[in-house]
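K.L.:
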Amino acid sequence: MEIFAVQSSDDGARFELRRHNREHLVAELHGRGLDASVLVSAYMFDGFGDFFGGLATNWKGWKGAREWCALEGEITLKAESDRTGHIYLSVELHDGAPPRWQLNATLILEAGQLDRLAASGREFEQSIKRAA
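As numbered in our numbering, residues 8 to 139 make up the sequence shown, in order.
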């Protein structure tokens with residue numbers, strides 16, 4: 008799998024993650040008036056599929072925020088849920104350490120999207136590990 012993508016159900020904002028080369032991925036965030044991308048290390052790219060799998064398993068909601076972060080901090084994903092079946096996925100992109108710039112956008116997901124995202128997330132993570 009070459010691209011993992013999440014699209015917001017309310018405004019079409021989109022988060023994409025794809026392979027750039029053997030050592031790096033590219034994370035992109037697109038929305039109204041927003042287009043940003045950052046290189047992400049593919050080294051020890053772990054837990055991505057489990058993050059989305061955990062959201063799908065608990066599709067009825069959970070308390071607090073659930074978080075996944077790339078090893079070097081270029082991407083941070085935080086998910087919160089409400090009682091109506093909406094998931095608020097905060098996507099933070101950081102360029103550099105310390106960050107030269109940082110961007111945060113929230114995508115709204117429906118519980119019905121989670122099984123597909125979990126399967127895609129696991130498949131994407133496995134493809135990264137196979138290519139390493």
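Glycine is no exception: its CB is placed at the ideal position from the N, C-alpha and C atoms.
To the nearest whole angstrom, what separates the beta carbons of A118 and I94, a pair I think is in contact under 8 Å?
P.N.:
At roughly 7 Å, the Cβ-Cβ gap stays under 8 Å, so A118 and I94 are in contact.
K.L.:
Kindly list the residues whose CB is nearer than 6 Å to the CB of E79, restricted to its own chain and excluding five residues on each side of it in sequence; keep chain order.
P.N.:
Hits under 6 Å: S48.
K.L.:
Given this structure, state the Cα-to-Cα distance separating A77 from D89, to the nearest angstrom.
P.N.:
Rounded to the nearest angstrom, the two C-alpha atoms are 25 Å apart.
K.L.:
Going straight from the alpha carbon of E81 to that of L36, what length do you get?
P.N.:
Using only the alpha carbons, I get a separation of about 13 Å.
K.L.:
Please confirm whether F11 and E30 have their CB atoms less than 8 Å apart.
P.N.:
Result no, Cβ atoms of F11 and E30 do not sit closer than 8 Å.
K.L.:
In the DSSP assignment, the alpha helix (DSSP H) including A125 goes from what residue to what residue?
P.N.:
Element bounds for A125: 121-138.
K.L.:
Between V98 and L121, how many whole angstroms is the CB-CB distance? I'm expecting something under 8 Å.
P.N.:
No, V98 and L121 are not in contact; Cβ-Cβ is about 16 Å, not under 8 Å.
K.L.:
For Y50, write down the residues that DSSP places opposite it in a beta bridge.
P.N.:
According to DSSP, Y50 bridges with nothing at all.
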